[in-house]
Structure formats: C-alpha cells, structure tokens
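Asks: What follows is a single structure, and I will ask about it in a moment.
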DNA sequence: AGCAATAGTTACCTTAAGGTAAGTGCCTTA
DNA sequence: TAAGGCACTTACCTTAAGGTAACTATTGCT
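Residue numbers (UniProt numbering), protein chains in the order written: chain A, 1 to 121; chain B, 1 to 121.
Given below as structure tokens:
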C-alpha cells in the first residue's frame with residue numbers, strides 16, 4: 001500500500017500554505033504592485049489609485065503586509081495626520097517574483113480568456 | 001487636481017485581476033505544484049496526496065484549471081472509470097513563476113513568522 | 001445478493017472575507 | 001459656526017467560498 005504524500009502534503013509546515021496563503025486575498029498583491037512603482041504613498045492616495053477598495057479593507061491589507069514586514073508604515077505627527085507607506089527590502093524581493101507572475105499573466109491573458117470561452121461553449 | 005490612476009487601476013483589463021485572481025483560491029496553486037512533480041495523476045491519488053481537500057473542491061479546482069488550459073484531463077472509458085490529470089505546456093510555463101514564489105516563501109518563511117510575532121507583541 | 005472501487009454530482013449548511021455607512025479627533029479654511 | 005480633510009475604527013450586514021454527507025452508474029469480486 002503506497003502512501004501518497006509529497007512535499008506539499010504537510011499542511012502545517014508547507015511554506016506555500018503558511019506564507020503565500022496570505023496573498024491569496026483580494027488586495028495584497030495589488031497593493032504591493034502599486035507601492036512597488038512609487039517611493040512612498042499616503043493612505044488616501046492608495047484608496048484613490050485602487051478605486052474600488054474600501055477604507056476598511058485597505059487598512060487591514062496594509063496591516064497584514066506590515067506584519068510580514070513587506071510594507072513599512074511611517075506616521076508623521078502632524079494635523080491633519082500624514083501616514084506614508086513604502087515597500088521594504090523584503091517586499092521588493094517578493095515583488096520580483098510577483099512581476100514574473102504579472103508578466104506571465106499579461107502574456108497569456110488573451111489566450112486564457114479564449115480557452116475559458118471554448119471551455120464554456 | 002491630480003488623478004491617481006496607474007496601470008493597475010483598470011479593474012476590468014488588469015491582467016492581475018482577470019487572470020491571477022483565479023489562483024487566489026485555496027487549492028489551485030497546490031494542485032499545480034503537485035501535478036508539476038509527476039507525469040500524470042488520477043483523481044483519488046490527488047485526493048490522498050493533498051489530504052485535506054474535499055472531493056467537491058478538487059473537482060471544481062481541476063475544472064477551472066482545465067478551463068484555463070493549465071491542466072489536461074484524460075478519460076479512459078473503462079470500468080471502474082479512470083481519469084488522469086497532467087499539466088499542459090501553459091501550466092508548465094506558469095509553474096516556473098510559481099516555483100519562484102515557492103522558493104521565496106521557503107527562504108523567507110522563518111523571518112516572516114518572526115516578523116508576525118513581533119508585530120503581535 | 002451484496003459489497004467495493006472510481007470519479008464524480010447534488011443539496012444543504014457554515015464560515016470567513018469583504019462591503020457599507022457612520023463615527024472619531026484634531027486642526028484649517030471659508 | 002460649520003464644513004472639510006486625513007487616517008482611521010466600529011458595528012452591522014451580505015456574499016461567496018468551502019465543507020459535509022449522501023447519492024449516482026458501472027462492473028468485478030465473493
């Protein structure tokens with residue numbers, strides 16, 4: 001009787017599951033990509049750039065990215081308050097791979113949409 | 001009055017949103033990684049290898065991967081039925097980037113878990 | 001006759017992710 | 001005096017993702 005385990009079977013230690021699952025949400029990758037294109041960005045700038053994210057989700061997304069040290073948050077104690085976000089070195093190293101994915105998505109987008117249509121019909 | 005749009009702002013055409021959102025689910029990346037390690041695999045083999053996926057979710061995951069032509073499904077009209085799954089060329093080209101991400105996750109896993117702990121405390 | 005195995009489908013239910021809208025504190029400007 | 005901006009927080013609600021368990025067809029085995 002064979003067992004079917006392989007290196008991805010270990011739910012608790014699999015780095016895919018512990019680390020990457022965090023970016024399987026709706027907004028994290030997008031926030032990283034946008035912050036990767038600028039030096040710094042303020043909260044409401046991010047809101048306007050993304051257009052369809054809610055205030056609440058932008059805060060929670062930024063907080064979890066901050067917890068993983070992918071994004072740095074700097075508060076300037078002024079009035080009205082100013083808070084700036086930027087990518088960390090770790091964030092930048094992740095972004096290299098995300099850009100790989102983004103490039104692949106761009107290259108394959110049309111063909112994939114075509115495949116989806118064929119599959120439906 | 002500046003506008004804050006950038007190349008990721010276009011919700012409907014952004015390749016990240018149309019293509020990659022599909023892999024932001026719980027299982028797609030894992031199925032691809034596992035199929036990337038073998039030539040072919042049968043439905044119940046996949047079930048056992050993953051261990052904690054339900055039959056239902058394995059079917060829907062495989063179906064959407066098939067729709068994007070990332071995975072190929074071959075039915076052998078026998079009894080009991082035999083169905084084999086394998087990655088397509090497109091799937092393999094995507095896997096290269098996923099392996100990049102997986103490697104990054106592995107390298108950074110410990111440091112990230114540490115960051116998360118510090119952030120909590 | 002009855003059970004096992006394969007690769008599913010179906011109906012139903014739970015949970016978590018995300019959205020909505022209002023409120024907060026502080027100062028500036030009209 | 002009131003409104004407005006900033007960067008949130010909070011309470012409440014909706015939706016979609018995923019889980020559970022039972023059922024399907026087919027044949028071989030016992």
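From the three backbone atoms N, C-alpha and C, an ideal C-beta is built for every residue, glycine too.
Could you tell me whether any Cβ in chain A is nearer than 8 Å to the Cβ of residue 1 (chain B)?
Replies: Only weak support is given to the placement of residue 1 (chain B): the predicted model assigns it a pLDDT of 36, under 50, and the value that follows is read from those uncertain coordinates. It does not; no Cβ of chain A falls within 8 Å.
Asks: Mind checking if residue 5 (chain B) is an interface residue toward chain A, Cβ cutoff 8 Å exclusive?
Replies: Closer than 8 Å: yes.
Asks: Go through the UniProt domain "HTH hxlR-type" (14-113) of chain B residue by residue and report every complete run of the alpha helix (DSSP H) that reaches 4 residues or more, in order.
Replies: Runs found: 15-18, 28-35, 43-50, 55-67.
Asks: Might you give, ordered along the chain, the residues of its own chain that have their beta carbon closer than 8 Å to the beta carbon of residue 134 (chain B), omitting 5 neighbours on each side?
Replies: The structure shown has nothing for residue 134 (chain B), since chain B only spans 1 to 121.
Asks: Since residue 109 (chain A) meets chain B, which of its residues come closer than 8 Å, beta carbon to beta carbon?
Replies: Going along chain B in sequence order, the residues near residue 109 (chain A) (Cβ under 8 Å) are 15, 18, 19.
Asks: Is the CB-CB distance between residue 31 (chain B) and residue 61 (chain B) below 8 Å?
Replies: It is a contact, given that the beta carbons lie within the stated cut-off.
Asks: Using a cut-off of 8 Å between C-beta atoms, extract the partners of residue 43 (chain B) located in chain A.
Replies: Those do not exist, as residue 43 (chain B) stays about 12 Å from chain A at its closest Cβ, beyond 8 Å.
Asks: Let me know the secondary structure DSSP gives residue 4 (chain B) once reduced to three states.
Replies: Here residue 4 (chain B) sits in coil by DSSP.
Asks: For a quick check, are the C-beta atoms of residue 42 (chain B) and residue 83 (chain B) less than 8 Å apart?
Replies: Yes, these two residues count as a Cβ contact at 8 Å.
Asks: Give me the Cα-Cα distance between residue 9 (chain B) and residue 16 (chain B), rounded to the nearest whole angstrom.
Replies: Rounded to whole angstroms, residue 9 (chain B) to residue 16 (chain B) spans 11 Å at the Cα level.
Asks: Is residue 121 (chain A) close to chain B? Criterion is C-beta to C-beta, closer than 8 Å.
Replies: By this cut-off, residue 121 (chain A) is not an interface position.
Asks: Can you tell me which of B:19, B:76, B:81, B:105 puts its alpha carbon nearest to the alpha carbon of residue 19 (chain A)?
Replies: Of the listed residues, the one whose Cα sits closest to residue 19 (chain A) is B:105.
Asks: What's the C-alpha gap between residue 47 (chain B) and residue 27 (chain B)?
Replies: Roughly 12 Å between the two C-alpha positions.
Asks: Would you kindly work out how many angstroms separate the C-alpha atoms of residue 24 (chain B) and residue 25 (chain A), rounded to a whole number?
Replies: Cα to Cα, the separation comes out at about 6 Å.
Asks: Who are the neighbours of residue 87 (chain A) on chain B, taking C-beta pairs under 7 Å?
Replies: The contacting residues do not exist; residue 87 (chain A) stays about 14 Å from chain B at best.
Asks: Return the CA-CA distance between residue 44 (chain A) and residue 22 (chain A), expressed in angstroms with no decimal places.
Replies: The alpha-carbon atoms of residue 44 (chain A) and residue 22 (chain A) are separated by roughly 23 Å.
Asks: Along chain B, which residues have their Cβ under 9 Å away from the Cβ of residue 57 (chain A)?
Replies: Neighbours of residue 57 (chain A) on chain B: none; closest Cβ ~14 Å, over 9 Å.
Asks: Below 9 Å on C-beta distance, what does residue 61 (chain B) contact in chain A?
Replies: The contacting residues do not exist; residue 61 (chain B) stays about 13 Å from chain A at best.
Asks: Strictly below 9 Å CB to CB, what residues from chain B border residue 106 (chain A)?
Replies: Near residue 106 (chain A) (Cβ distances below 9 Å), the residues of chain B are 15, 16, 19.
Asks: Using three-state DSSP, classify residue 115 (chain A) as helix, strand or coil.
Replies: Three-state DSSP puts residue 115 (chain A) in a helix.
Asks: Give the straight-line distance between the Cα atoms of residue 120 (chain A) and residue 11 (chain B), rounded to the nearest whole angstrom.
Replies: Rounded to the nearest angstrom, the two C-alpha atoms are 23 Å apart.
Asks: Flag residue 76 (chain A) as yes if its beta-carbon sits less than 8 Å from any beta-carbon of chain B, otherwise no.
Replies: So, not an interface residue.
Asks: For residue 40 (chain B), I'd like the list of residues in its chain whose CB is within less than 6 Å of its CB, leaving aside the five on either flank, ordered along the chain.
Replies: So the list reads 84, 86, once near-sequence residues are dropped.
Asks: Less than 8 Å between the C-beta atoms of residue 98 (chain B) and residue 33 (chain B), yes or no?
Replies: Their beta carbons are under 8 Å apart, which means residue 98 (chain B) touches residue 33 (chain B) by this criterion.
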